[in-house]
Amino acid sequence: MYSTGGEVAPAINQLQNAKNMLSNQNWEPIIQVNEDRQNVQVFIKANGEGVQGLTVMAVDADDAVFVNILGSIDPENLGAIMDQFDVDLL
């Protein structure tokens with residue numbers, strides 16, 4: 348996590364670059380929020396054995412957060428993981 352100091356554009360550019368890289372490596376977007384001065388992207392890496400990675404990226408007027416978790420993730424724990432990052436899975 349780092350402060351954007353109100354300068355959102357560089358953090359959004361970094362988020363977009365990471366999003367493109369993840370998509371090119373067959374990560375799947377599961378949550379995308381694009382609102383005024385706020386952008387949240389959540390990607391998973393899945394295979395036949397389940398979820399093998401999770402990436403959470405969030406940018407707003409104050410902060411930018413980039414989290415990448417690699418390793419087997421139990422889908423039953425996904426909600427608890429998202430709660431730690433204050434992401435509502437609906």
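Per our numbering, residue 348 is the first one in the sequence shown, and the count goes up by one each step. Glycine is no exception: its CB is placed at the ideal position from the N, C-alpha and C atoms.
Quick test of the definition: if touching needs 3 or more C-beta pairs under 8 Å, does the region 412–427 touch the region 391–400? yes
Go through its chain and collect everything with a Cβ distance to Ala-358's Cβ below 6 Å, but skip five positions before and after it. Thr-351, Val-406, Ala-411
Please state whether DSSP places Ala-427 in a helix, a strand or coil. helix
Give the DSSP-derived three-state secondary structure of Asn-364 in the structure shown. The answer is helix: DSSP assigns Asn-364 an H, G or I state.
Verify whether the separation of the beta carbon atoms of Gln-388 and Ala-365 is less than 9 Å. yes
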